[in-house]
Each structure stands twice: as structure tokens, then as C-alpha cells.
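For the sequence shown, the tail end lands on 212 under our numbering, and the numbers increase by one without skipping.
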Amino acid sequence: MKIVIINYGAGNIQSIMFAIERLGFKAVLSNNPDEIKSADKVIFPGVGEASSAMSKLRESSLDSLIPELKQPVLGICLGMQLMCNKTEEGNTEGLGIFDVDVLKFSNNVKVPQMGWNQIYDLKTDLFKGISENEFMYLVHSFYAPNCDEAIATTNYDVEYASALQKDNFYGTQFHPEKSGDVGEKILGNFLKM
Numbered sequence: 020m021k022i023v024i025i026n027y028g029a030g031n032i033q034s035i036m037f038a039i040e041r042l043g044f045k046a047v048l049s050n051n052p053d054e055i056k057s058a059d060k061v062i063f064p065g066v067g068e069a070s071s072a073m074s075k076l077r078e079s080s081l082d083s084l085i086p087e088l089k090q091p092v093l094g095i096c097l098g099m100q101l102m103c104n105k106t107e108e109g110n111t112e113g114l115g116i117f118d119v120d121v122l123k124f125s126n127n128v129k130v131p132q133m134g135w136n137q138i139y140d141l142k143t144d145l146f147k148g149i150s151e152n153e154f155m156y157l158v159h160s161f162y163a164p165n166c167d168e169a170i171a172t173t174n175y176d177v178e179y180a181s182a183l184q185k186d187n188f189y190g191t192q193f194h195p196e197k198s199g200d201v202g203e204k205i206l207g208n209f210l211k212m
């Protein structure tokens, strides 16, 4: 199986690579469109700021490639947020895969949300064998509101979509690669799709 992690200069790529290796697979880092298109699975990571990350995607034409991919694609953290219509972070237009706008948490809570929080209302095979209310690791100041494409929910000031799915596209606000055995099981479920 060919697993490609999109390398566009935004992401905690080493943690994802190590998690994939622990699952018995190898992944390659690439921003080459042909290599990404030929992958069996694509992981779209993201750590950082939305507008600069989108600029990097546009520079390499990945902003037009990613929405056209036909194989399973997993966006993680900022990767998931960039797959939405737009985000309040830097007033940034996203890739428009998920039909939801990303909002900033209110000042009623400590921002960013950093640490462990529960996921529930789990749907789809991404969460096969995962119990309701498992704890996942999150670090973010912006969130996707609950919507029709939500496949997991978390509560922090508001209930929000901690995972999204549409067709072959999946996104997790949490970091499966940093969420211990349960997170790696979710990553493994994605790789089996």
C-alpha cells in the first residue's frame, strides 16, 4: 500500500510517520501531484496558521489537487480545517470539501484548547472498535461547528465536530498520532479503508 503524507511545510509530520510505522506501514512525504494522485491513501496534516498554510498549498497547486482526489484522504487538525469552506483564522478561504465554516472559540474558555478531551456520537468505520467518550489529544483555537458531515463530537465551550466525513474525505480535529493506542487504532482504521 502506498501512503503519501502531503508535505507542504505545515504539519507535525514525524509523529504521523512514526505512528504509521508502529502500525506496520511505511509512508512517503511528497508535494508531487503525480505521487499524491497515485497513492492508495493520502494524509493531509497541519499545524500552524491557516492563511500561510493555504498560501503554501496554492504555491504548489495542491489547493486544486486535493479536492479532486478519489482515494481515502485524512485531514488532521489544521488539515481538516483547511478542507472546510473557510476559516475565521486569517479570514481564509478553504478547499470547500466540507460544507462548514471554521470559527474561533469564544473568550469564555482558555484558548487554545490544549490537551485531552472526549469524542462521542461516533459514526462511520473510522471509529470501528472505538468506544464512545474516548479521550483524544487536541490543540486548537478554531473549530468546525456541528454539521451534517460530523462523525464525532466534542464539547469545549460548545459542542463541535471533532471529526468530519464526506465521500472519500475524512478529517479529525484531534491528533490520532498523539492520542495513544486509541488514536493509532483510528489511524489504522483509516489505512484499512
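Glycine included, each C-beta is placed from N, C-alpha and C at the ideal position.
Bridge partner(s) assigned by DSSP for His159: For His159, which the question treats as bridged, DSSP gives the partners Gln132.
Any chain C beta carbon closer than 8 Å to Lys75: Of the protein chains in this structure there is only one, and it is not chain C.
For Gly202, which of Lys105, Gly28, Lys89, Phe37 has the nearest alpha-carbon? When only C-alpha atoms are compared, the closest one is Phe37.
Between which two residues does the beta strand (DSSP E) harbouring Phe117 extend? 117-123
My output table needs one value for Phe37: the three-state DSSP class, helix, strand or coil. helix
Would you call the CB atoms of Cys103 and Asp120 closer than 8 Å? The answer is yes: Cβ separation under 8 Å.
DSSP has Leu183 in a bridge; who is on the other side? Ala169, Gly190
Cβ-based neighbour list, Pro52, same chain, cut-off 6 Å, excluding 5 preceding and 5 following: Leu84
At what residues does the beta strand (DSSP E) containing Leu141 begin and finish? Looking at the DSSP string, Leu141 is not in any beta strand (DSSP E), and its letter there is neither H nor E.
Counting only runs of 3+ residues fully inside the segment 92-117, write out the beta strand (DSSP E) ranges in chain order. 92-95, 103-106
So the alpha helix (DSSP H) Ile55 belongs to, where does it begin and stop? 52-56
When you compare the CB positions of Ile35 and Glu196, do they come within less than 8 Å of one another, or not? Ile35 places its beta carbon less than 8 Å from that of Glu196.
DSSP beta-bridge partners of Ser49: Ile25
Can you tell me whether Ser198 is buried or exposed? The criterion is at least 16 other CB atoms within 10 Å of its CB, across all chains shown. buried
Cα separation between Gly65 and Ser74? 13 Å
Taking 7 Å as the cut-off, is the CB of Val23 close to at least one heavy atom of the ligand MG? In terms of ligand content, the structure shown is empty, and the ligand MG therefore cannot be addressed.
Tell me the DSSP secondary structure of Pro153 in three-state form. It is worth fixing the name first, because residue 153 is Glu in this sequence and not Pro. Glu153 falls in the strand class under three-state DSSP.
Out of curiosity, what's the CA-to-CA distance linking Gly67 and Gly148? 31 Å
Looking at the secondary structure, which residues open and close the alpha helix (DSSP H) in which Val201 lies? 199-210
How far does the beta strand (DSSP E) with Lys60 in it reach, from first residue to last? 60-63
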